[in-house]
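Visitor: The structure follows.
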Amino acid sequence: MPMSPPSPSSPPSPPHEQSGARSPAADGSEINMAKGARLFRTRCGLCHTVTPGCNKSGPSLWQGYAYTPAMKSSKVLWSEDTMAEFLRSPKRYIPGNKMVFQGFQRDSDIRDVVAYVKAESERKKLF
Numbered sequence: 026m027p028m029s030p031p032s033p034s035s036p037p038s039p040p041h042e043q044s045g046a047r048s049p050a051a052d053g054s055e056i057n058m059a060k061g062a063r064l065f066r067t068r069c070g071l072c073h074t075v076t077p078g079c080n081k082s083g084p085s086l087w088q089g090y091a092y093t094p095a096m097k098s099s100k101v102l103w104s105e106d107t108m109a110e111f112l113r114s115p116k117r118y119i120p121g122n123k124m125v126f127q128g129f130q131r132d133s134d135i136r137d138v139v140a141y142v143k144a145e146s147e148r149k150k151l152f
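What follows is the structure, given as structure tokens:
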């Protein structure tokens, strides 16, 4: 999918978004980082960012945000696996959380979004 050039007010897309880079997942399937970035923007990015301190109606997905009581009481230790299960059905995984998102249905979508969020968090730690 061709990417349109960024507008003067928006920063360029990270390289993994521009290239449509694919890499193998642990289960042998392919991770599509460009698809993960697009899904994050269109499904998660309405409420969340991956930028430290930049909250929308939901918190930035960066360390230091305030959890809701339901999230705190769940005592989930976030990993790629727990994030994947949460994104499949947030209300079922942590009852009482405030997310309105119903969840992703496709395993490939979950895998791509989790990979994108992980890559973004690792990339931002370098600066």
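Just add 25 to the spot in the sequence shown (first one is 1) and you have this note's numbering.
Just so you know, even glycine gets a beta-carbon here, dropped at the ideal spot from N, CA and C.
This one's a predicted model, so the numbers in the text were calculated from it and none came from an experiment.
Where G70 and V101 are concerned, what is the direct C-alpha to C-alpha distance, given to the nearest angstrom?
Guide: Walking along the sequence shown from the start, residue 70 turns up at place 45. Walking along the sequence shown from the start, residue 101 turns up at place 76. Roughly 22 Å between the two C-alpha positions.
Visitor: With DSSP as the reference, label I56 as helix, strand or coil.
Guide: Position 31 of the sequence shown holds residue 56. Looking at I56 - three-state DSSP - the assignment turns out to be strand.
Visitor: Are the Cβ atoms of K116 and M108 separated by less than 9 Å?
Guide: As a working note, residue 116 is residue 91 in the sequence shown. As a working note, residue 108 is residue 83 in the sequence shown. No, these two residues do not count as a Cβ contact at 9 Å.
Visitor: Would you mind sorting R148 into buried or exposed? The rule is 16 or more other CB atoms within 10 Å of its CB.
Guide: Here residue 148 is taken as the residue at index 123 of the sequence shown, counted from 1. That one is exposed.
Visitor: Suppose you measure from the CA of T67 to the CA of S99; what does that come to, to the nearest Å?
Guide: Within the sequence shown, the letter at position 42 stands for residue 67. Within the sequence shown, the letter at position 74 stands for residue 99. Using only the alpha carbons, I get a separation of about 27 Å.
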